[in-house]
Structures are given as structure tokens and as C-alpha cells.
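Chains as they are written, first to last, in our numbering: chain U, 2 to 112; chain E, 159 to 271.
So the structure is just underneath, and the comments pick up after that.
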């Protein structure tokens, strides 16, 4: 059964800094890994996904995946107060229908 | 675009009561999910369904029933509400397999008194 662990639980950064969030998963054969953003009172919304080893950039976001070490990271360049939210890492199980989420990282960007 | 509508937004129940949460999606997605979100515990999968009339148990299915009578709707029943229980239940859908983007509703907030 897939397990997803995220760190840190909480991250505080000043405006303009780089925010770095980590996620480890238990099965190297997992399908795509997704990052979601959740603001208070709202449902999570997808930010970016990655399937192959390496990195992927979209705007201020960069994701790095290393399947051998079962690790994926999300980096937000030039963090803004509006980026303050909970960030959830999600991995689909080997059956590919079941999607498992980590507990999330609370990001606070101070103006 | 599409939308996932969850009803009700807020649900207050009594201990031992059977409570039903409803979810509708107009994405025409095959797969639907119910997650429970508790503070500090992330999202835990209760049930999912890969097509109409299909039901699959997640990691937290005990104490819940689900029903997928139509492709567009997925309901969740709390079979016996636990006193002082407080959580947000999130309904979601994806076009097919879980390695595609999952779209979420805004949630139903449950309080049991």
C-alpha cells in the first residue's frame, strides 16, 4: 500500500525567497506524482505533475523527481504572500485509480 | 470546464445518527472519490468508484457506505456518527485513472454534537 510522507509540516519564508517542499513515497512503480495547493475553506487544486525522473518547470514552480530515492520536491521561486496555503503531494497507487495524499506542508509567506 | 457540487456545505448531526453527503460532477469523469480531511492528518481515502455502480474501499472505509447509481453522482453515508466528530469530507473526480488530475469540490463540513 502506497505511503506518502511530506516535510516540513510548516514552512515560513519571507516574500521573494525560494520555498522548498519535500515528499517521499513508498513505491518506485507509482504513477504520476502531483502537487496540489489548498487555500482555507477550499478544495485542493492541482499545480503541477511529474512522471519521469528529472525536473519540470512551470512558471515559478520547479519539481524534481528521483524514483530511485523515492523522493520528489517542489520549489517555488520568488514566493508571494498569495502562495500561502497548504501544499499536498499526491501519488497514484500501482492500480492507478487509487490516489493517496500526504499530510501536507503549511507554507506561510511573510510580506 | 466543469464543477463538482457537494451538498450540504455544513452538516450537524447527533451521535448515532445516519448522515448522507451528496456529490455531483458535470465533467463526465469516470472516476470519483470521497476523502476525509482532519486537521493534521491530510486527506484519507474513504471510497472510490471507477465507473457507475462500481465501489472500491479506501483506507478509511469502516463506518461508511457509498453509492454510485449514476456516472455523475457519488454519495457517502456515515452509518453512525461519532460524538464530537469534526471533519471535512471532500468529493473529487478524475477523467479516468488516478495518474490524471483530480478535481475537488469545496467540501462538506461535518460536526457531530
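From the three backbone atoms N, C-alpha and C, an ideal C-beta is built for every residue, glycine too.
Compare the C-beta of residue 191 of chain E with all C-beta atoms of chain U and state if any pair is closer than 9 Å.
Locating residue 191 of chain E in the second chain gives position 33, counting from the first residue. Yes, contact with chain U.
Taking the continuous beta strand (DSSP E) assigned at residue 1 of chain U, which residues delimit it?
Outside the displayed span of chain U (2 to 112) sits residue 1 of chain U, for which this structure offers no information.
Taking the straight line between their C-alpha atoms, what separation do you get for residue 61 of chain U and residue 21 of chain U?
Residue mapping note: residue 61 of chain U aligns to position 60 of the first chain, counting from 1. Residue mapping note: residue 21 of chain U aligns to position 20 of the first chain, counting from 1. Going by the C-alpha atoms only, they are around 12 Å apart.
Length-filtered (3 minimum) beta strand (DSSP E) runs lying within the region 244-271 of chain E:
244-252, 266-270
Can you tell me whether residue 201 of chain E is buried or exposed, with buried defined as 16 or more other CB within 10 angstroms of its CB?
As a first step, residue 201 of chain E is located in the second chain; it is residue number 43 there, counting from the start. That one is buried.
Suppose contacts are defined by Cβ-Cβ distances below 9 Å. Is residue 193 of chain E in contact with residue 216 of chain E by that definition?
Position 35 of the second chain, counted from the first residue, corresponds to residue 193 of chain E. Position 58 of the second chain, counted from the first residue, corresponds to residue 216 of chain E. Contact flag set, yes.
Answer with buried or exposed for residue 212 of chain E, where buried requires no fewer than 16 other C-beta atoms within 10 angstroms of its C-beta.
What you label residue 212 of chain E is simply residue 54 of the second chain in a count that begins at 1. With fewer than 16 other Cβ atoms within 10 Å, it is exposed.
Would you call residue 34 of chain U buried or exposed, if buried means 16 or more other Cβ atoms sit within 10 Å of its Cβ?
Position 33 of the first chain holds residue 34 of chain U. Per the 10 Å Cβ criterion, buried.
Are the region 227-238 of chain E and the region 86-102 of chain U in contact at 8 Å, needing three or more beta carbon pairs?
no
For a test of the three-state rule: what should DSSP assign to residue 11 of chain U, helix, strand or coil?
The residue labelled residue 11 of chain U in the question sits at position 10 within the first chain. The answer is strand: DSSP assigns residue 11 of chain U an E or B state.
Since residue 215 of chain E sits in a beta bridge, which residues does DSSP pair it with?
Here residue 215 of chain E is taken as the residue at index 57 of the second chain, counted from 1. Looking at the DSSP assignment, residue 215 of chain E forms a beta bridge with E:205.
Once the 5 residues before and after residue 239 of chain E are set aside, which same chain residues still bring their CB inside 8 Å of it?
Within the second chain, residue 239 of chain E is the residue found at index 81, counting from 1. Taken in chain order, the residues that qualify are 171, 172, 173, 174, 175, 176, 177, 268, 270.
With 16 as the cutoff for other CB atoms within 10 Å, does residue 266 of chain E come out buried or exposed?
For the purposes of this step, residue 266 of chain E is taken as the residue at position 108 of the second chain. Under this definition residue 266 of chain E is a buried residue.
Buried or exposed by the 16-neighbour rule on C-beta atoms within 10 Å, applied to residue 190 of chain E
Taking the second chain and counting its residues from 1, one reaches residue 190 of chain E at position 32. Buried is the call here.
Quick check: the Cα distance between residue 284 of chain E and residue 36 of chain U, rounded to an integer number of angstroms?
Here chain E comprises residues numbered 159 to 271, so residue 284 of chain E is not present and cannot be evaluated.
If I measure Cβ to Cβ from residue 23 of chain U and keep anything under 6 Å in the same chain, skipping five residues before and after, which residues do I get?
For the purposes of this step, residue 23 of chain U is taken as residue 22 along the first chain, with counting starting at 1. Counting only Cβ-Cβ distances below 6 Å, and skipping sequence neighbours, we find 8, 74.
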